[in-house]
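Q:
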Amino acid sequence: MTGPPEIISSSDAVLLDFDGPVCAVFGGLADHQVAAGLRELFEGELPDAVDRSRDPFDVLKYAAATTGGFATVVEHRLRELESRAVEVAPPTPGAVAVLESLSRQAIPVVIVSNNSETAVHAYLQAHGLTNVVADVSARTNADVSELKPQPHLLLRAASFLGVSPERCVMIGDSVTDIEAAQRAGAKCIAYANKPGKREQFEELQPGAIVDQMAELI
């Protein structure tokens with residue numbers, strides 16, 4: 010594998026995932042609490058898998074697949090809860106240093122996230138990071154078909170910057186980030202921030218894998 014800093018320096022732009030590489034979105038307000046808050050919007054019983062899931066996106070996807078326009082209500086509530094969550098979300102060690110390093114190198118960064126655009130902007134503003142991020146390409150509605158692993162958000166980010174996806178590198182901590190990058194034709198660096206992820210990522214053959222954000226510098 011080529012070293013992560015070399016992959017970045019040979020790219021025209023960085024597409025950076027938010028939850029994980031920048032902060033732990035649900036590190037303060039837990040994901041299972043948010044999922045429970047979304048389930049309260051439903052009447053009647055939910056499928057066991059949805060009822061037991063800790064992942065708020067499982068609830069949103071269920072709403073989008075089965076209840077038509079009600080998905081908009083669920084997505085709006087998720088946006089509210091995400092905005093509350095980022096107020097207490099722990100920053101990822103090394104993330105600010107990476108953003109500042111990219112800024113010094115004049116490599117533009119777009120945050121590409123399945124989280125709401127509102128929550129991402131709120132976090133960046135609260136932490137004084139708006140000046141080191143060129144744009145945000147994140148969830149703006151209840152259309153889950155636009156979310157990663159689909160390439161839509163990455164392609165939108167590349168279009169905003171006026172660069173080809175092939176000249177971008179996606180940095181993310183999930184399988185869906187790698188899959189979205191591959192579908193968009195972008196390079197990818199995987200951030201293995203939890204035990205077992207490195208082995209999982211190796212099967213997908215990203216350009217590089219790091220265990221700490223500081224390895225990107």
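Count the sequence shown with our numbering and you get residues 10 to 226, in order. Glycine included, C-beta positions come from ideal geometry on N, C-alpha and C.
Between the Cα of P56 and the Cα atoms of A72, L24 and V145, which residue gives the shortest distance?
A: Taking the first residue of the sequence shown as 1, we reach residue 56 at position 47. Of the candidates A72, L24 and V145, the one whose C-alpha sits nearest the C-alpha of P56 is A72.
Q: Going residue by residue through the segment 133–195, where are the continuous beta strand (DSSP E) segments of at least 3 residues, counting only ones entirely within it?
A: Taking only runs of at least 3 residues, the beta strand (DSSP E) segments lying wholly in the segment 133–195 are 144–148 and 177–181.
Q: Between the alpha carbons of E96 and Y132, how many angstroms are there, rounded?
A: On the sequence shown, residue 96 is found 87 positions in, with the first residue counted as 1. On the sequence shown, residue 132 is found 123 positions in, with the first residue counted as 1. Going by the C-alpha atoms only, they are around 7 Å apart.
Q: So is R88 buried or exposed if we call it buried at 16+ other beta carbons inside 10 Å?
A: On the sequence shown, residue 88 is found 79 positions in, with the first residue counted as 1. With 16 or more other Cβ atoms within 10 Å, it is buried.
Q: If you follow the alpha helix (DSSP H) that V105 is part of, which residue opens it and which one closes it?
A: Sequence index remark: in the sequence shown, residue 105 carries index 96 (1-based). Taken as a continuous stretch (DSSP letters only), the alpha helix (DSSP H) holding V105 covers A104 to R113.
Q: Would you list the residues sitting across from I218 in a DSSP beta bridge?
A: Here the question's residue 218 lines up with position 209 in the sequence shown. Looking at the DSSP assignment, I218 forms a beta bridge with A199.
Q: What residue ranges within the segment 51–109 form continuous alpha helix (DSSP H) runs of no fewer than 4 residues, ordered along the chain?
A: Entirely contained in the segment 51–109, the alpha helix (DSSP H) runs reaching 4 residues are, in chain order, 57–61, 65–75 and 79–95.
Q: In terms of alpha-carbon separation, which member of T185, P14 and Q221 lies closest to Q114?
A: Position 105 of the sequence shown, counted from the first residue, corresponds to residue 114. For Q114, the nearest C-alpha among the options comes from P14.
Q: Kindly indicate the opening and closing residues of the alpha helix (DSSP H) around V43.
A: For the purposes of this step, residue 43 is taken as the residue at position 34 of the sequence shown. That run of the alpha helix (DSSP H) goes D40 to R48.
Q: Three-state secondary structure (DSSP) at L24?
A: By 1-based counting over the sequence shown, the position of residue 24 is 15. Three-state result, L24: strand.
Q: Less than 8 Å between the beta carbons of I187 and L213, yes or no?
A: Within the sequence shown, residue 187 is the residue found at index 178, counting from 1. Within the sequence shown, residue 213 is the residue found at index 204, counting from 1. Yes. Within cutoff.
Q: Tell me where the beta strand (DSSP E) around S125 begins and ends.
A: Numbered from its first residue, the sequence shown carries residue 125 at position 116. Start and end: V118 to S125.
Q: What first and last residue would you give for the alpha helix (DSSP H) that runs through S18?
A: Translated into the one-based positions of the sequence shown, residue 18 becomes position 9. Note, S18: alpha helix (DSSP H), P13 to S18.
Q: Between S168 and G53, what straight-line distance do the alpha-carbon atoms span, to the nearest angstrom?
A: For the purposes of this step, residue 168 is taken as residue 159 along the sequence shown, with counting starting at 1. For the purposes of this step, residue 53 is taken as residue 44 along the sequence shown, with counting starting at 1. In a straight line, the C-alpha of S168 is about 43 Å away from that of G53.
Q: Please report the distance separating the alpha-carbon of L24 from that of V59.
A: The sequence position of residue 24 within the sequence shown is 15, counting from 1. The sequence position of residue 59 within the sequence shown is 50, counting from 1. Using only the alpha carbons, I get a separation of about 30 Å.
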